[in-house]
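Listed below in structure tokens is the structure:
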């Protein structure tokens, strides 16, 4: 098969479309003929040599895909050859075929096209596991999602609104904020021009849940933005890895901070998350309340252009790479 490989750590120019051996499904796995995959920020970090795959995972980039089941490994039940699926991966999505544990498969929901479905698994599992399963977002809560114009942000807006929350987002331009508002965001904050703590506090009691991709840079202000009993969930470190935390403020608010990752979790934990997504989130997708937001579609062989586009920050939603 063909796949995108990293010649050496560095820039997008080091991504190469080349032939590699076909994967073979092991026990409990399925082989997927990949229709499309999507670009995630973790892919950029791995390309740079800063985010190696977990032990035993494919060295090929790609944390999600959509496609058709081509082969069932030993012991797999509930799926058939020919089923259209999308999948959460530990790696291997930037290829024409990928083997994945069956518990990480999801059916392509409702009227979603197969190509667009490639942009769902990573954001769906990230948002649902953190915002709902961990932080317990519920109707009437205030959700603040940083990076509202990105893949996770655009998904979080829709999930928050579908669950009856007031949704606030940050983004870097009026155009991107307006598109967030069209997706359902109630409060839109230009982080280049406005203080998100002041804006949020002027319109709400503070955030019950904050989904943060910035890490250290926003740590202190995120605590300031929390409501009493608020939960801050850190899922990224774009703003650095070390920050100063005022424990007095956190205690006074009876707040909590969690920091999570999805890729390195054991298969069993990923399976639990995927099962929860299928049971609770997929009906929202099938009803149209939550949909994939695809900002750009490119051929898989042009993955380097997708990496450049994500790095430049001009794409709204997900970048999808078509294998076929």
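Numbering (UniProt numbering), first residue to last: 1 to 324. For glycine and all other residues, C-beta sits at the position ideal for the given N, C-alpha and C.
1) List in chain order: all unbroken alpha helix (DSSP H) runs of 4+ residues lying wholly within the region 174-234.
2) For residue 133, name the three-state secondary structure that DSSP assigns.
3) Contact check, residue 158 vs residue 183 under 8 angstroms by CB: the rounded distance?
4) Taking residue 296 as part of the beta strand (DSSP E), name the residues at either end of that continuous run.
5) Could you give the C-beta distance for residue 155 and residue 124, rounded to a whole number, given that I count them as a contact under 8 angstroms?
6) Counting pairs of Cβ atoms below 8 angstroms between the region 308-320 and the region 160-170, do you hit three or more?
7) Using DSSP bridges, identify the partner residues of residue 5.
8) Over the uninterrupted alpha helix (DSSP H) stretch that includes residue 283, give me the two end residues.
9) Have a look at residue 55 and residue 199 and give me their C-alpha separation to the nearest angstrom.
10) What first and last residue would you give for the beta strand (DSSP E) that runs through residue 99?
11) Could you tell me which of 173, 11, 281 sits nearest to residue 190, measuring between CA atoms?
12) By the 10 Å Cβ neighbour count, where 16 or more other Cβ atoms means buried, how is residue 205 classified, buried or exposed?
13) Buried or exposed: where does residue 90 fall if 16 or more other Cβ atoms within 10 Å of its Cβ makes it buried?
14) What number of angstroms, rounded off, separates the C-alpha of residue 322 from the C-alpha of residue 240?
15) How is the alpha helix (DSSP H) around residue 83 delimited, first residue to last?
16) Quick check on the burial criterion: 16 or more other C-beta atoms within 10 angstroms. Buried or exposed for residue 29?
17) Go ahead and pull the three-state DSSP assignment for residue 64.
18) Rounded to the nearest angstrom, what separates residue 131 and residue 286 at their Cα positions?
19) Please tell me whether residue 222 and residue 152 are closer than 9 angstroms, where the distance is taken between their beta carbons.
20) With distance defined between alpha-carbon atoms, name the residue in 93, 209, 243 nearest to residue 220.
21) Using only alpha-carbon positions, find the residue among 64, 51, 246 that is nearest to residue 100.
22) For residue 275, count neighbouring C-beta atoms within 10 Å of its own C-beta (all shown protein chains included) and say buried if the count is 16 or more, exposed if not.
23) Mind checking which residues open and close the alpha helix (DSSP H) that includes residue 247?
24) If you drop the 5 nearest sequence neighbours on each side, which residues of the same chain put their C-beta closer than 8 angstroms to that of residue 216?
25) Since residue 31 is in the alpha helix (DSSP H), which residue starts that stretch and which ends it?
26) Keeping to the same chain, check which residues put their C-beta closer than 6 angstroms to that of residue 38; ignore five residues upstream and five downstream.
27) So, are the CB atoms of residue 67 and residue 102 less than 9 angstroms apart?
Taking the coordinates as given:
1) 174-183, 196-203, 219-225
2) As a working note, residue 133 is residue 133 in the chain shown. Residue state, collapsed to three classes: helix.
3) Within the chain shown, the letter at position 158 stands for residue 158. Within the chain shown, the letter at position 183 stands for residue 183. Confirmed, Cβ separation roughly 6 angstroms.
4) The residue labelled residue 296 in the question sits at position 296 within the chain shown. Note, residue 296: beta strand (DSSP E), 294-299.
5) Looking up residue 155 in the chain shown gives position 155. Looking up residue 124 in the chain shown gives position 124. Contact flag correct, Cβ pair sits at about 7 angstroms.
6) no
7) As a working mapping, residue 5 is identified with position 5 in the chain shown. Paired residue(s): 16.
8) By one-based count along the chain shown, residue 283 stands at place 283. Residue 283 -> alpha helix (DSSP H) spans 282-286.
9) Indexing the chain shown from 1 puts residue 55 at position 55. Indexing the chain shown from 1 puts residue 199 at position 199. Approximately 43 angstroms, taken between the alpha carbons.
10) The residue labelled residue 99 in the question sits at position 99 within the chain shown. It spans 97-101 - the beta strand (DSSP E) in which residue 99 sits, taken as one unbroken run.
11) For the purposes of this step, residue 190 is identified with residue 190 of the chain shown, where counting begins at 1. Looking at the Cα atoms, 173 is the closest of the given residues.
12) Within the chain shown, the letter at position 205 stands for residue 205. Looking at its Cβ environment, which holds fewer than 16 other Cβ atoms inside 10 Å, residue 205 is exposed.
13) Numbered from its first residue, the chain shown carries residue 90 at position 90. The residue is buried, with at least 16 neighbouring Cβ atoms inside 10 Å.
14) For this step, residue 322 is matched to residue 322 along the chain shown. For this step, residue 240 is matched to residue 240 along the chain shown. Using only the alpha carbons, I get a separation of about 32 angstroms.
15) Your numbering for residue 83 matches position 83 in the chain shown. That residue, residue 83, is in no alpha helix (DSSP H); it is neither H nor E in DSSP.
16) Position 29 of the chain shown, counted from the start, is the residue given in the question as residue 29. Label assigned to residue 29: buried.
17) What you label residue 64 is simply residue 64 of the chain shown in a count that begins at 1. If DSSP states are grouped into helix, strand and coil, residue 64 belongs with the strands.
18) Within the chain shown, residue 131 is the residue found at index 131, counting from 1. Within the chain shown, residue 286 is the residue found at index 286, counting from 1. Rounded to the nearest angstrom, the two C-alpha atoms are 20 angstroms apart.
19) To locate residue 222, count along the chain shown from 1; it is residue 222. To locate residue 152, count along the chain shown from 1; it is residue 152. No.
20) As a working note, residue 220 is residue 220 in the chain shown. It is 243.
21) The residue given as residue 100 occupies position 100 in the chain shown. Among 64, 51, 246, the Cα nearest to that of residue 100 is on 64.
22) Mapped onto the chain shown, residue 275 falls at position 275. It counts as exposed.
23) Here residue 247 is taken as the residue at index 247 of the chain shown, counted from 1. It spans 247-252 - the alpha helix (DSSP H) in which residue 247 sits, taken as one unbroken run.
24) Position 216 of the chain shown, counting from 1, holds the residue named residue 216. Result list for residue 216: 237, 239, 240, 241, 242, 243, in chain order.
25) Position 31 of the chain shown, counted from the start, is the residue given in the question as residue 31. It is not in any alpha helix (DSSP H) - residue 31 instead sits in the beta strand (DSSP E) that spans 29-39.
26) Residue numbering aside, residue 38 sits at position 38 when the chain shown is read from its first letter. Closer than 6 angstroms at Cβ, skipping near neighbours: 64, 118, 119, 318, 320.
27) Working through the chain shown from its first residue, we reach residue 67 at position 67. Working through the chain shown from its first residue, we reach residue 102 at position 102. No. Outside cutoff.
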